Amino acid sequence: MRAFVLCCVSAVFALPNLSYGKDCVVLLHGLGRSAWSMQQIDTQLQKVGYWVVNQSYRSRETEIERLALVVGQGLNECAKYKPQAIHFVTHSLGGILVRVYFQQQHPTQVKRIVMLGAPNHGSEIVDKYKDRWWFKWLTGSAGQQLGTEANSLPNRLHAIPYEIGIIAGTSSSDPWFTHLFTGANDGKVSVASTKLDEMKDFIEVESGHTFMANSRHVIRQIQAFLATGAFNKTTSVSMNAKTGA
1113 MRAFVLCCVS AVFALPNLSY GKDCVVLLHG LGRSAWSMQQ IDTQLQKVGY
1163 WVVNQSYRSR ETEIERLALV VGQGLNECAK YKPQAIHFVT HSLGGILVRV
1213 YFQQQHPTQV KRIVMLGAPN HGSEIVDKYK DRWWFKWLTG SAGQQLGTEA
1263 NSLPNRLHAI PYEIGIIAGT SSSDPWFTHL FTGANDGKVS VASTKLDEMK
1313 DFIEVESGHT FMANSRHVIR QIQAFLATGA FNKTTSVSMN AKTGA
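Numbering (this note's numbering), first residue to last: 1113 to 1357.
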C-alpha cells in the first residue's frame, strides 16, 4: 500500500517531459495590468495542449524599448520546454513590445503572433491626455510613447517576419473616452489603429479593450489562429465576431 501511494505521489509531481516537442505560447499583458489579466487565455491554451509562459513585467516603470526585453525572457522560458515552435499572444502594449523586440531579433522558432487591441498606430487618448499629471502617473513612460503622430514609436516600427493575426474590439469598455474617436473603437484603441500591413488575418469582436482577454469568443479565435494561421469565421465559433480588412 505504501509503495502504491509513493508511486502515485511521484506521478503527480513528476516534471513535464521536456522532449515532448509541442508548441509553447508566450503571453504578454497590457499597460498597467499583470499576468493575471491573461490567466483565462493561459488556462484554455494549456487545456488544448500548449506549453504556456504567462510573462509579467512592470509596464509603468520605464520606456517601451527597455520593457521589450521581456520578450526575450519569454523566449528563454519557452526554450526550456524544447518546443517545436513558439507563438505569442499579446494584449494592448504587449503587442508593441513584440514588434519592438523583433525589429532587431528574428528567432526562427517564432511562428505566429496574435495581438488583442494593440495600439499599432497609437491611441487618441494619449494625444489628448499625455501632458496631464494623472495620465503620466497612471501610464508611466510607456504611455507617453503611444500617440498617433507620425513619429510616435509605434508608427516608426517596420514589419516583422512572422504570421500576425489581429483582433480588434468594437464595444467601448471606457465610454468616457468614446468622444475622442471618429471611428469604431474598443474604448482605448481604434479599430484602424490595430491593423498592420503585414497582418495575415484580422477580425473584429464586440468586446471592450480592458477585458478582451477574458472573452471566450476571443480565446476561441486565438486558438484557431495559433493552430491554423487563420481566424475561424464560421457563425458557430464566432457568434459575436465579424471580419474586416
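Just so it is clear, CB atoms sit at the ideal spot from N, CA and C, and this is done for glycine as well.
If you're wondering where the values come from, they're calculated on a predicted model, not measured in any experiment.
- Nearest to N1326 by C-alpha distance, out of G1144, T1155 and V1138, is T1155.
- About 7 angstroms separates the beta carbon of K1307 from that of N1232, a gap short enough to meet the 8 angstroms contact definition.
- DSSP places Q1335 inside the alpha helix (DSSP H), whose first and last residues are R1328 to T1340.
- Of all alpha-carbon atoms in V1137, K1240 and E1318, the one lying nearest the alpha-carbon of V1330 is that of E1318.
- Taking 8 angstroms as the cut-off, the Cβ atoms of H1321 and G1259 do not count as close.
- The C-alpha of G1206 is placed about 21 angstroms away from the C-alpha of A1296.
- Scanning its chain for C-beta atoms nearer than 7 angstroms, with the 5 sequence neighbours on each side dropped, one finds around F1289 the residues I1237, G1299 and K1300, in chain order.
- Only residues of its own chain outside the window of five on either side were considered, and among them Y1169, S1171, L1209 and A1254 have a CB closer than 7 angstroms to the CB of L1179, listed in chain order.
- When DSSP states are grouped into helix, strand and coil, D1313 belongs to the strand group.
- Non-local beta-carbon contacts of H1218 in its own chain, meaning distances under 7 angstroms to residues more than five positions away in sequence, involve P1273 in chain order.
- Spanning the alpha carbons of L1139 and F1200 requires a straight line of approximately 6 angstroms.
- Nearest Cα to V1303 within the set V1212, M1227 and Y1193: M1227.
- The beta-bridge partner set that DSSP reports for Q1167 consists of L1140.
- Ranked by Cα distance from G1234, the options G1341, K1192, Y1213 and L1269 are led by L1269.
- The residue among A1336, F1343 and A1342 with its C-alpha nearest the C-alpha of Y1162 is A1336.
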